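Keeping their order, the protein sequence lines are chains A and B. Note that the first sequence covers residues 1 to 91 in the numbering used here. Note that the second sequence covers residues 1001 to 1157 in the numbering used here. Every residue, glycine too, gets a C-beta built ideally from N, C-alpha and C. Just so you know, these numbers come straight off a predicted model, no measurement behind them. Remarks on the structure that follows.
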Amino acid sequence: MAIEVRIPTILRTHTGGNKTVEGSGATLGALVDDLDSQHPGLKNRLVTEEGKLHRFVNVYVNDEDVRFTGALDTQVKDGDSVTILPAVAGG
Amino acid sequence: MLRIDRATYDAIVAHVREDHPDEACGVVAGPEGSDRPERFLPMLNAARSPTFYEFDSGDLLKLYREMDDRDEEPVVIYHSHTATEAHPSRTDISYASEPNAHYVLVSTRHHGNQTGLAGDDVEFRSFRIVDGEVSEEEVEIVESYLFGHSPTTVVYD
């Protein structure tokens, strides 16, 4: 088993067009690193140079927005489902 | 070009008027790849602000899950500007992340809450925003999708 990650349209250029990919890791940060090793460039689109999640994306672990559960430190495990969505916002 | 039916166009205009002086926002979903905005989905502006809009993160997840289940995508993403022209702001451009969507901007600067004329008075414009590049497109209002795109079409440019 692995962690299933749903990829939004805008990031599918990094996943060969795939809507879902799989990865592993004990935290969301580790999962993102693992995903980036399989799909280079993905991490840059999710994490800032300061190592924080971009405000342009929303990440959910099992439907919980990770902003409320520790962001990249959020614990994940096999069988979890992660969803990445672009924030819809503007001025 | 954005081709949108009259009822949906009217619903967007009514929504942005109702929420004035705050910005209003929403989506019109349609079958993936169809480029047909069919299902009007007004959203709550979680920022409740006259200068910013943001879909609530829980609502956003629900919305995308529902569209996914129905094989839909956001064909139109609309929001209002309450004091400035109906053109994407720098913030709009930085957030824009649906290259296939029509970004619709409606300005309510010349008509406040439930006032003004519904016709030509509405600043209703549509844009593509891809990789930070904005290009305006024509908006064609069709009477209905149910009976094809003719005979009564009005072209706004």
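In three-state DSSP terms, what is residue i?
i	result
residue 37/A	helix
residue 1152/B	Unreliable positioning characterises residue 1152/B in this predicted model, as indicated by a pLDDT of 49, which lies under 50. A coordinate reading is not provided.
residue 1036/B	coil
residue 1138/B	coil
residue 1126/B	strand
residue 1030/B	strand
residue 1132/B	coil
residue 1002/B	strand
Comparing alpha-carbon positions, which option in the options lies nearest residue i?
i	options	result
residue 10/A	42/A, 22/A, 34/A, 78/A	42/A
residue 54/A	62/A, 66/A, 25/A	66/A
residue 992/B	1102/B, 1123/B, 1035/B	Residue 992/B is absent from the model: chain B starts at 1001 and stops at 1157.
residue 59/A	79/A, 50/A, 87/A, 38/A	87/A
residue 1035/B	1107/B, 1126/B, 1017/B, 1002/B	1002/B
residue 1056/B	1094/B, 1025/B, 1006/B	1025/B
residue 1019/B	1005/B, 1007/B, 1046/B, 1125/B	1046/B
Beta strand (DSSP E) containing residue i: first to last residue?
i	result
residue 1013/B	Per DSSP, residue 1013/B belongs to no beta strand (DSSP E); it is in the alpha helix (DSSP H), 1006-1019.
residue 1070/B	Looking at the DSSP string, residue 1070/B is not in any beta strand (DSSP E), and its letter there is neither H nor E.
Within 10 Å of its beta-carbon, does residue i have 16 or more other beta-carbons around it, so buried, or fewer, so exposed?
i	result
residue 1070/B	exposed
residue 29/A	buried
residue 37/A	exposed
residue 1048/B	exposed
residue 1082/B	buried
residue 949/B	Limits of chain B in this structure are 1001 at one end and 1157 at the other, which puts residue 949/B out of reach.
Hey, would you say the C-beta of residue i is under 7 Å away from at least one heavy atom of the ligand FMN?
i	result
residue 41/A	In terms of ligand content, the structure shown is empty, and the ligand FMN therefore cannot be addressed.
Minimum length 4: unbroken alpha helix (DSSP H) runs contained in the segment 1074-1119 of chain B = Whole alpha helix (DSSP H) segments, 4+ residues: 1090-1095.
Enumerate, from N- to C-terminal direction, the unbroken alpha helix (DSSP H) stretches of 4 or more residues contained entirely within the segment 2-86 of chain A.
-> Correct list: 28-38, 42-46.
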